[in-house]
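Take a look at the structure below.
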Amino acid sequence: MKGQVKSITKKSQNISAWYNDVIERAQLAEHGPVKGTMIWRPKGFVLWETVQKILDTRIKDLGAQSVYFPLFIPYSFFSKEKEHIKGFAPDLAVITHGGGEKLKEPLVVRPTSETIMYDAFSRWIQSFRDLPLIFNQWCNVVRWEKRPYYFLRTTEFLWQEGHSAHENNEDAQKMVDEALKMYVDFYQKVLGLYGYAGRKSESEKFPGADATLTFEILMPDGKIVQGCTSHNLGQNFAKVFKVQFQDKVGKLQYVYQTSWGLSTRSIGAMIMVHGDDNGLVLPPRLASTQVVIIPITTKSSDNKTINDLANKAYELLASYSTRVKLDNSDQSVGWKLNQYDLEGVPVRIEIGSWEATNKEFSIGVRNNKSNYTVSKLEHLAENVQKLLDGMQISLFEKSKQFTKDNTRQADNYPQFKEIMETDRGFIEAFWCEDPDCEAKIKQETKATTRCLPLGSMETEGKCIYCKKPAKFRWLFGQAY
RNA sequence: CGGGGUGUAGUUCAUCGGUAGAACGCUCGCUUUGGGAGCGAGAAGCAGUGGGUUCAAUUCCCUCCACCCCGACCA
19 MKGQVKSITK KSQNISAWYN DVIERAQLAE HGPVKGTMIW RPKGFVLWET VQKILDTRIK
79 DLGAQSVYFP LFIPYSFFSK EKEHIKGFAP DLAVITHGGG EKLKEPLVVR PTSETIMYDA
139 FSRWIQSFRD LPLIFNQWCN VVRWEKRPYY FLRTTEFLWQ EGHSAHENNE DAQKMVDEAL
199 KMYVDFYQKV LGLYGYAGRK SESEKFPGAD ATLTFEILMP DGKIVQGCTS HNLGQNFAKV
259 FKVQFQDKVG KLQYVYQTSW GLSTRSIGAM IMVHGDDNGL VLPPRLASTQ VVIIPITTKS
319 SDNKTINDLA NKAYELLASY STRVKLDNSD QSVGWKLNQY DLEGVPVRIE IGSWEATNKE
379 FSIGVRNNKS NYTVSKLEHL AENVQKLLDG MQISLFEKSK QFTKDNTRQA DNYPQFKEIM
439 ETDRGFIEAF WCEDPDCEAK IKQETKATTR CLPLGSMETE GKCIYCKKPA KFRWLFGQAY
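All residue numbers for the first sequence refer to my numbering, where the first residue is 19 and numbers rise by one.
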C-alpha cells in the first residue's frame, strides 16, 4: 500500500521550494522557455478565469465599459510624463525591429496603458457630457523581472486595468475609493485573505500619480504582497496628453483621472497563504470544483447501491448549484484522496459499503483534515453548503489572525531592526515622511513603507529613524 | 547585475575516462480499491552548447547558454 510518490517540500521547511512544488505538482503552471514567463496549465488558468468572472461583474457595477488597447506603445508616449517614464524605464521591454527592418521609433511592449489610452481620451473627451468616462481592460502586460517567481513576479502577467476621467477631483477620488473597496471586498470575501488598506508613500506610489491606494497582504514567511492598487492620477496625465473638456460654462478644463488594477499576483498570494503540506487549499468561492464525490466500490460491496447513492448525491448537489464532480475513475481511493488534497478541492464525499448500508455520507473538509461529518441524503445539500461557507470563513479568520499576530509596534530603531531580523511581518512605526529616512531604513533593514492605513489617527510621535516629529504610524514590511 | 548551485529517460536523481541505470510516471495484461495497490511485459536517452586534454569524454578542463537559490529592482 505504500506509494513511491515523491512528497512535496514541507511548507515550514522551505517555503519557496514548497510553493514551486505545489504549483508544479498540482499542475497549475510551468516555467516558459523565456525567463520570467510562465505557462498556465488548465488547473491554474481556471483560477484566473474565476477571478475574472467574479471581478468583471463588480467592475461593471462601478460603471466601467470594457475596451482593449494595443500591446505596442510608441516610445515617445512614455516620455511625455516625466515621473511615469522614470518609474517604468528599467522595466520596459522595447521592440527595435519589425518586419525585418529597424523601426523608426522603438515600440514599448505595454507595461501599463495610461499613455496609449489617454492619447485616445484626448480625442474622445470634448465636453463635460463625455464624463465620467470609465474603461476597463483585461490584458497581459510586460515588466522585465530580474528575479521571477510563479504568479508573484513574472515578466509577463495578466491583469485588469481600470481607467477613468472625471470633471473634478472629488469624483476622481470617489472612483479611487470605490475601486479599492471593491478589491478589498474581493480579497476578503472571495480569496479569503486579510490585509491592510492604505495610502502609499511618495516614493512607493505609482509613477505619475498624485496618490496611490493599496491593499497589503502578509505572507507566511513574513514578507508582504501588494495585492492591488488604485491611483488618483490628478491632472498629471491630462496635462501632458491634453485631455480637456469644456465645462458647463464653456471653460476649457483638464480632466481628473484614475487608474486601478488587480493582477494574477492575487492567485500567488492565495496559494501561499492558504496552501499546506498536502498541497493547495482553495477557498470554496474560488474553487471550480467545490465538492468531489468518491464512490468506494469493492468486489464484495453492493456496488449498485453505492453508485445509485453517489449519483443521487451528485444530482442533488448539482441542482443546488454546488460545483460538484463525481469521480468514477479506476484510480485507487488513496490516490484520489491525495490527488484532491493536492488540488485543494474544499469538500470530499466518500460513499462505500458503510454509507450505502446506512444511507449516509462521510464528508471531509480540506482544511480540517482529520474530521469527517456524516449526513443523511435529505440534508446533504444544505450540510455541504454549511461546510463550504464555514471553510470560506475559517480561511479568512486564519489569515486575519496570522496578520494580527504578526503586526507589531516598534517604538525605537533597534526594536524595529530586531523584528526585521526575526519574524518580519508588519511593523507599525512613526515616520517623519522624509524619503531619506525611508530609503535608509530600506537599505539597513529591507523594510519599506507598505502604507499608511486608512483611518489612521494623527498623533504626536518621533520618527523611528531620525527622531524628528512624526504624525502617523506607518506600516512597514519587506515587499515580495 | 553581484554571490552560490545544478544541467543525464516525461519527472526526480544515480553512475563513471571504455558511448548509460533506478524510482516514479506512461502503455498492455491479469489481479485490486476505506489515505498515493500488486505481479508480469513493454515504450522511452546524440548525457544543455561549443571547444580543449586523451587511443577513448556523459565523466577531467575552459567558454557560452539555461534554470534554481540568496542579494539589488519590481503589480
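All C-beta atoms in this analysis are idealised placements derived from N, C-alpha and C, irrespective of residue type, glycine included.
What you are looking at is a predicted structure, and each value in this text was computed from that prediction instead of being measured.
What is the rounded straight-line gap between the Cα of residue i and the Cα of residue j?
i	j	result
A497	S34	15 Å
T133	S97	9 Å
V363	V202	24 Å
Q244	N386	29 Å
S371	I72	40 Å
W353	Q70	32 Å
F414	S30	20 Å
M290	V40	10 Å
A44	L280	24 Å
G216	H292	23 Å
Y167	S182	31 Å
N254	L110	21 Å
A256	Q191	16 Å
K100	G226	8 Å
I459	A465	7 Å
F204	M135	26 Å
Excluding five sequence neighbours on each side, which residues of the same chain lie with their C-beta closer than 8 Å to the C-beta of residue i?
i	result
Q22	The pLDDT assigned to Q22 is 49, lower than 50, so where the model puts this residue is not dependable, and the model offers no usable value.
T340	Q308, V309, A399, V402, Q403 and L406
K486	C450, D452 and K480
Please go through the same chain and pick out, in chain order, the residues whose beta-carbon is closer than 6 Å to the beta-carbon of residue i, but skip the five residues on each side of it.
i	result
E174	T55, N158 and V160
F490	L470 and S474
R76	M200
F224	T230 and H249
Count the other C-beta atoms from every protein chain shown that fall within 10 angstroms of the C-beta of residue i, then say buried if there are 16 or more, exposed otherwise.
i	result
A457	exposed
N154	buried
Y86	exposed
S502	Past the boundaries of the shown model lies residue 502; the chain is included only from 19 to 498, so the question cannot be answered.
N250	buried
P88	exposed
I311	buried
R283	buried
T247	buried
F57	Note on residue identity: the sequence assigns Ile, not Phe, to residue 57. I57 comes out exposed.
Y338	exposed
Looking at the unbroken beta strand (DSSP E) that takes in residue i, where does it start and where does it end?
i	result
R426	T425 to Q427
P92	F90 to P92
C455	No beta strand (DSSP E) contains C455, which is instead part of the alpha helix (DSSP H) from P453 to T463.
H397	From DSSP, H397 is part of no beta strand (DSSP E); its letter is neither H nor E.
I381	E378 to V383
T276	Y274 to S281
Going by beta carbon distance, what residues of the same chain come within less than 7 Å of residue i, once the five residues before and after it are set aside?
i	result
L406	P302, Q308, P364 and V365
K266	F146
S221	P453 and E456
Between which two residues does the alpha helix (DSSP H) harbouring residue i extend?
i	result
V194	N187 to K207
N325	N321 to S337
K104	K100 to F106
I152	Premise fails: I152 lies in the beta strand (DSSP E), L151 to V160, not in any alpha helix (DSSP H).
Y483	Run containing Y483: none; DSSP gives neither H nor E here.
Report whether the distance from the Cβ of residue i to the nearest heavy atom of the ligand ZN is below 7 Å.
i	result
P225	You won't find the ligand ZN in this model; it holds no ligand whatsoever.
Worksheet item: Is the stretch 94 to 108 close to the stretch 228 to 242, with three or more CB pairs under 8 Å?
Response: no
Fill in: At least 3 beta-carbon pairs within less than 8 Å: the stretch 120 to 127 vs the stretch 137 to 153
no
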